[in-house]
Structures are given as structure tokens and as C-alpha cells.
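Peer 1: Residue numbers (the working numbering), protein chains in the order written: chain R, 241 to 397; chain U, 14 to 283.
Please find one structure pasted underneath; my questions will follow.
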Amino acid sequence: MRKTFGKTLVEIAEQDPSLVLLHGDVEQEMAEYRRRWPQKFFNLGLCEQSMVSMSAGMALEGLRPIVYSITPFVLERPFEQIKIDIDEQNLPVILIGYSDYPTHGPTHRPLNAEITVKAFKNVRSFFPKNGTEARAAMLDAWNGRTPAFISLKRDNG
Amino acid sequence: MNTHEIVSAFRERARLQPLSNRSKEIRLQTIKLAKPNGGYHFGGSFSAVEILLSVFDDEREGDRFIMSKGHGCWPYYVLLQERGLKPILEGHPKLDPSNGVNFTTGSEGHGMPAALGMALARKVMSRPGKIIVLIGDGECQEGTTWESLLIGAKQKLNNVVVVIDFNGIQGSGYLRDILPVDAIGPCANEIGWDVRHVNGHDIGDLTNAIHCGEMGKPRLVVAHTIKGKGVSFMEDKPEWHAKWVDAEHEAIAANDLRELPVNSNEVIYA
Numbered sequence: 241m242r243k244t245f246g247k248t249l250v251e252i253a254e255q256d257p258s259l260v261l262l263h264g265d266v267e268q269e270m271a272e273y274r275r276r277w278p279q280k281f282f283n284l285g286l287c288e289q290s291m292v293s294m295s296a297g298m299a300l301e302g303l304r305p306i307v308y309s310i311t312p313f314v315l316e317r318p319f320e321q322i323k324i325d326i327d328e329q330n331l332p333v334i335l336i337g338y339s340d341y342p343t344h345g346p347t348h349r350p351l352n353a354e355i356t357v358k359a360f361k362n363v364r365s366f367f368p369k370n371g372t373e374a375r376a377a378m379l380d381a382w383n384g385r386t387p388a389f390i391s392l393k394r395d396n397g
Numbered sequence: 014m015n016t017h018e019i020v021s022a023f024r025e026r027a028r029l030q031p032l033s034n035r036s037k038e039i040r041l042q043t044i045k046l047a048k049p050n051g052g053y054h055f056g057g058s059f060s061a062v063e064i065l066l067s068v069f070d071d072e073r074e075g076d077r078f079i080m081s082k083g084h085g086c087w088p089y090y091v092l093l094q095e096r097g098l099k100p101i102l103e104g105h106p107k108l109d110p111s112n113g114v115n116f117t118t119g120s121e122g123h124g125m126p127a128a129l130g131m132a133l134a135r136k137v138m139s140r141p142g143k144i145i146v147l148i149g150d151g152e153c154q155e156g157t158t159w160e161s162l163l164i165g166a167k168q169k170l171n172n173v174v175v176v177i178d179f180n181g182i183q184g185s186g187y188l189r190d191i192l193p194v195d196a197i198g199p200c201a202n203e204i205g206w207d208v209r210h211v212n213g214h215d216i217g218d219l220t221n222a223i224h225c226g227e228m229g230k231p232r233l234v235v236a237h238t239i240k241g242k243g244v245s246f247m248e249d250k251p252e253w254h255a256k257w258v259d260a261e262h263e264a265i266a267a268n269d270l271r272e273l274p275v276n277s278n279e280v281i282y283a
């Protein structure tokens with residue numbers, strides 16, 4: 241699913257120059273995007289709350305940020321930033337979280353992302369089960385121009 | 014001078030700074046606008062008036078402003094209304110760009126990283142103009158303020174100006190007793206920001222620091238102010254962070270803020 245994410249990222253970026261990628265030092269399957277659009281690729285370090293607020297600021301200037309990290313760090317840690325800056329302001333920021341770490345302990349597992357994301361008013365959520373669904377989710381979220389959260393899991397896609 | 018001496022010296026200047034008739038009028042209008050709309054954060058509103066006047070009256074083309082210390086919104090609304098805009102009159106600003114409100118604020122620590130995001134977007138798109146954000150000194154306790162200092166320097170955002178309304182008081186008391194942030198100036202300087210200390214009630218100083226000079230680095234303007242500035246019973250009093258102004262208080266405030274004849278030599282040291 242992460243490979244599909246990387247390919248779909250490139251697919252969207254080829255068609256839409258407004259895409260920018262922010263990540264919280266979780267560089268997964270982004271090499272091709274990074275090589276081709278280095279000026280729109282930002283590893284902001286371990287500052288997830290600021291990263292989400294920044295993505296809102298970028299959206300208000302007309303860019304379309306995709307924000308990537310491990311699910312608890314992109315959904316739970318910056319919960320209030322999502323609530324106010326993304327959801328309340330209804331900005332087209334796509335949050336993408338990866339979590340499939342059965343042996344990594346409680347820090348790397350979300351509580352229950354499907355329930356958490358339902359707390360928001362405007363954030364559409366996607367829980368694809370394979371690569372095909374992951375690509376469809378990214379395109380759907382992109383074309384929908386609303387706040388969105390996409391959950392990625394481990395599979396071979 | 015060490016940090017303590019810098020803060021003390023600028024606070025003294027801020028305390029002695031006389032206010033212009035325009036500054037007084039904005040404060041009077043602030044009370045008039047806030048009261049019927051349920052507003053009562055006057056201390057932090059009045060410390061910010063000259064900063065807002067500098068941002069608004071000396072605005073440069075392409076500038077965008079975020080009022081991150083959202084509780085000080087009432088003089089901000091007064092200035093927006095002066096321009097014929099109609100911001101939503103609630104106790105904290107809600108996003109409404111067509112009426113001059115560029116970000117929803119009120120929860121501390123959101124406006125500065127949002128401003129950085131706007132500034133970074135302008136870099137990506139090669140767009141001119143600068144982003145100005147006003148934060149409180151209490152807000153400097155938020156982790157995102159320090160994250161933003163690191164990111165602003167790393168991303169070389171020489172199109173962002175962060176102004177701190179450094180009035181020394183937060184919700185429950187003095188920062189010096191709760192959690193001091195005086196170190197933010199030297200830390201920001203070390204991280205790679207252009208740090209300027211100013212008398213936060215002197216429009217000339219503020220305009221110079223906010224709008225003028227070549228921007229080689231992200232800029233941090235530490236505006237030393239007096240909470241409740243201009244109203245005798247509010248000045249430097251933590252209780253006036255948030256307190257209802259009754260009719261008696263309003264009358265005293267109106268007297269404190271009475272306008273002087275234009276050619277008057279009288280100077281009131283608040």
C-alpha cells in the first residue's frame with residue numbers, strides 16, 4: 241500500500257502543480273517524488289503539531305498539502321491542530337497515516353482511527369484494504385477538495 | 014546588557030510612553046465594541062493597540078496578518094471595521110479572509126506555525142509580500158512556538174515577521190512567577206532569527222522593526238508592552254487579563270483616555 245502511495249503521489253503531482261508534501265521525518269516511498277519535486281518536499285522534523293498548522297497556512301495560500309506520518313503522530317498528537325486549523329477552517333489538506341506495527345508497542349498504534357476521525361465535522365476518511373483501494377482513496381480525496389484522512393496498512397502493494 | 018536588563022529597560026520605556034489621540038481613540042472604541050458583544054479581555058487588547066496600528070496603518074502591499082493572540086481581538090476588530098470590513102464579533106477571531114481575518118485563533122500556539130506555512134507557500138510559489146503574526150508572551154510557552162523557531166530558521170523564511178506582545182502577564186498572573194519566557198530572544202537569535210527589541214507602544218519603533226530594512230532572516234520583534242496600557246486601573250494588573258468593565262470603570266477609563274487638543278503640550282505619563 242505504501243508503494244502505491246508513492247506512485248499515486250507522483251501521478252497527482254504530474255497533473256497538479258499545487259501539491260506539496262510535508263512529512264514528520266517518516267520518509268516512506270517518497271524517493272521518486274523527492275527526486276522530481278525537491279522544492280515541494282519538506283521533512284519538517286519531529287514537529288507534528290506545527291506541521292499540521294503549517295499545512296493549513298499553505299492551503300490558505302493556495303497550495304494543496306499532503307501531510308504524512310505514522311498514524312498516531314499525524315492523527316492523535318496534533319488532534320487540536322486538525323480540529324481547528326484543518327477541520328474548522330475546512331481546508332483541503334490530506335493527512336496520510338501509516339500504521340501497521342504489531343511488534344512496536346502502544347506508541348505506534350492508534351487507539352481506533354476510524355472512531356477518532358469521526359469526531360471531526362469535515363474530514364473525510366478512507367481506510368483502504370489494498371493498493372488499488374489506496375490509489376482510489378488518494379484520487380478521491382484529491383478531487384474532493386475537502387479535508388481528508390487516509391489510513392495505510394502493510395500489504396504488498 | 015543581559016536579558017533581564019534588556020527587558021527591564023524596554024518595559025520602563027513602554028511604561029513612560031505617552032499615547033497619541035489615535036491610540037486613545039482606538040482604546041475607547043475597543044471598550045465600546047467589546048462590551049455589547051460580551052468581550053472582556055481588555056488587558057491584552059490594550060497592550061497590543063500600537064502593534065496593531067503599526068501593522069494596519071503602515072501595511073505594505075502583499076502583507077498578510079494573523080492575530081494569533083486571539084483573545085486580544087477587539088482592537089483588531091475596531092481597525093478592521095475602520096476599513097469597512099465586517100469581522101464576526103466573537104471573543105476570538107474566526108477565519109474570514111474577505112473581512113480581514115486570515116486564521117481562526119484563540120487556542121494558543123496555532124498562528125505562528127500557520128504563518129510559517131503561508132510564508133513557505135509563498136517561497137514555493139515565488140510570491141512576494143510578508144506574513145506578520147502577533148503572538149502573546151504566554152503563547153511563547155507553547156511547544157509549537159519553539160518548533161516554529163526551529164523550522165523558520167531551517168527553511169530560511171525571510172518573509173515572516175513574528176511580533177510578541179511581551180506584556181509580562183498571562184491568565185493567572187505574571188509570567189515571571191508562572192513560567193518565564195525571557196530567554197526566547199537570545200534563543201531565537203542563536204537559532205538564526207533576526208531579533209529586535211522595541212518599545213511596544215512606540216509606533217515609530219514598531220514600524221521600523223516590523224516593516225523596514227532588508228529581510229535576510231525570519232524576524233522576531235519582541236515588543237515590550239504594558240498590559241492594560243492607557244487605563245490607570247488596568248496597567249500591569251493581572252486581574253485585567255479578563256474582567257468585565259462595569260459603568261464605573263468605564264467612566265474612569267474614558268477619563269484616562271480623553272483626547273488632548275492637537276497642539277497641547279500636556280503629556281500624560283500613564
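We treat Cβ as the ideally placed atom computed from N, Cα and C, and that holds for glycine.
Assuming D178/U is part of the alpha helix (DSSP H), what are its boundary residues?
Peer 2: Element bounds for D178/U: not the alpha helix (DSSP H) but the beta strand (DSSP E), 173-179.
Peer 1: So within the stretch 313-378 of chain R, which uninterrupted beta strand (DSSP E) runs reach at least 3 residues, ignoring any that extend past its ends?
Peer 2: As far as the stretch 313-378 of chain R is concerned, its whole beta strand (DSSP E) runs of at least 3 residues are 334-338, 364-366.
Peer 1: So which residues on chain U does I324/R lean against when the C-beta distance must stay under 7 Å?
Peer 2: Ordered by position in chain U, the residues that pass the 7 Å Cβ test against I324/R are T117, S120, H123.
Peer 1: Taking S295/R as the query, report the chain U residues whose CB atoms sit under 7 Å from its CB, ordered along the chain.
Peer 2: Correct list: G130.
Peer 1: Taking the C-alpha atoms as reference points, what is the distance between T262/U and K107/U?
Peer 2: Note that residue 262/U corresponds to His in the displayed sequence, not to Thr. Roughly 29 Å separates the two Cα atoms.
Peer 1: Spatial neighbours of I164/U within its chain, please: C-beta separation below 7 Å, excluding the five flanking residues on both sides.
Peer 2: Result list for I164/U: L129, in chain order.
Peer 1: Quick one: is A283/U near chain R, going by C-beta distance under 8 Å?
Peer 2: Residue placement at A283/U is flagged as unreliable, the pLDDT there being 46, under the threshold of 50; the coordinate-derived value follows with that caveat. A283/U does not count as touching chain R.
Peer 1: How would you call I418/R, buried or exposed, if buried means at least 16 neighbouring beta carbons within 10 angstroms?
Peer 2: Outside the shown range of chain R, which is 241 to 397, sits residue 418/R, and nothing can be said about it.
Peer 1: In three-state DSSP terms, what is N268/U?
Peer 2: N268/U: helix per DSSP, three-state reduction.
Peer 1: What residue range does the alpha helix (DSSP H) around R28/U cover?
Peer 2: Counting along the chain, the alpha helix (DSSP H) containing R28/U begins and ends at 16-29.
Peer 1: For G94/U and T311/R, what's the separation of their Cα atoms in angstroms?
Peer 2: Contrary to the premise, residue 94/U reads as Gln rather than Gly in this sequence. Distance between the alpha carbons of Q94/U and T311/R is about 43 Å.
Peer 1: For the stretch 256-275 of chain R, enumerate the residues whose C-beta is nearer than 7 Å to any C-beta of chain U, in chain order.
Peer 2: Under the 7 Å Cβ criterion, the stretch 256-275 of chain R contributes V260.
Peer 1: What in chain R is Cβ-close to I164/U, meaning under 7 Å?
Peer 2: Near I164/U (Cβ distances below 7 Å), the residues of chain R are L284, C287, S290.
Peer 1: Can you tell which of R73/U, L41/U, A201/U, D195/U has its C-alpha closest to the C-alpha of S58/U?
Peer 2: Selected option, being the one with the closest Cα: L41/U.
Peer 1: Hey, would you say H254/U sits closer than 8 Å to I182/U, going by beta carbons?
Peer 2: A contact, by the Cβ cut-off of 8 Å.
Peer 1: Between D340/R and K393/R, which are expected to be in contact by the criterion C-beta below 8 Å, what is the C-beta distance as a whole number of angstroms?
Peer 2: Going by Cβ atoms, the distance from D340/R to K393/R rounds to 5 Å, so yes, they are a contact pair.
Peer 1: Run down chain U in chain order and give the residues with a C-beta less than 8 Å from the C-beta of E354/R.
Peer 2: Those within 8 Å of E354/R in chain U number zero; the least Cβ separation is about 25 Å.
Peer 1: Between the C-alpha atoms of M131/U and I144/U, what's the straight-line distance to the nearest angstrom?
Peer 2: When rounded, the distance between both Cα atoms is 7 Å.
Peer 1: What residues from the stretch 300-313 of chain R come within 9 Å of chain U, judged by C-beta to C-beta, listed N to C?
Peer 2: Listed in sequence order: L300, E301, G302, L303, P305.
Peer 1: Here's the rule I'm using: 16 or more other beta-carbon atoms within 10 Å means buried, otherwise exposed. How should M14/U be labelled?
Peer 2: M14/U is exposed by the Cβ-count criterion.
Peer 1: Is M270/R closer than 8 Å to G285/R when the C-beta atoms are compared?
Peer 2: Going by C-beta atoms, G285/R is not nearer than 8 Å to M270/R.
Peer 1: Using DSSP with H/G/I as helix, E/B as strand and the rest coil, what is M80/U?
Peer 2: Looking at M80/U - three-state DSSP - the assignment turns out to be strand.
Peer 1: Can you give me the C-alpha to C-alpha distance between S33/U and D249/U, rounded to a whole angstrom?
Peer 2: Answer to the nearest angstrom: the Cα atoms are 20 Å apart.
Peer 1: Please classify H54/U: does DSSP put it in a helix, a strand, or coil?
Peer 2: DSSP places H54/U in coil when its eight states are reduced to three.
Peer 1: Just to confirm my understanding: we take T220/U, look at its own chain, exclude 5 residues before and 5 after, and list those with CB closer than 6 Å. What are they?
Peer 2: Same-chain partners within the cutoff: S67, D71.
Peer 1: For I216/U, which of helix, strand or coil comes out of DSSP?
Peer 2: Helix, per DSSP.
Peer 1: In chain U, which residues lie with their C-beta within 7 Å of the C-beta of E320/R?
Peer 2: Per Cβ cutoff of 7 Å: S120.
Peer 1: For the structure I just gave you, are there three or more beta carbon pairs, one from the stretch 223-230 of chain U and one from the stretch 182-197 of chain U, closer than 8 Å?
Peer 2: These segments do not touch.
Peer 1: Would A381/R and F366/R qualify as a contact pair, given that the criterion is a beta-carbon distance under 8 Å?
Peer 2: Closer than 8 Å, so yes.
Peer 1: Taking DSSP as the reference, what is the three-state secondary structure of L93/U?
Peer 2: It is helical.
Peer 1: If you measure from the beta carbon of K361/R to each beta carbon in chain U, is any gap under 8 Å?
Peer 2: So no, K361/R is outside the interface.
Peer 1: Helix or strand or just coil, what does DSSP make of R232/U?
Peer 2: R232/U falls in the strand class under three-state DSSP.
Peer 1: Quick one: what does DSSP say L284/R is sitting in, helix, strand or coil?
Peer 2: L284/R falls in the coil class under three-state DSSP.
Peer 1: Give a yes or no on whether the minimum CB-CB distance between L133/U and chain R is below 8 Å.
Peer 2: Yes, L133/U lies at the interface with chain R (some Cβ there is under 8 Å from its Cβ).
Peer 1: Below 8 Å between beta carbons: does that hold for D215/U and E63/U?
Peer 2: Contact flag set, yes.
Peer 1: Does the beta carbon of A255/U come closer than 8 Å to any beta carbon on chain R?
Peer 2: No, A255/U does not count as interfacial toward chain R.
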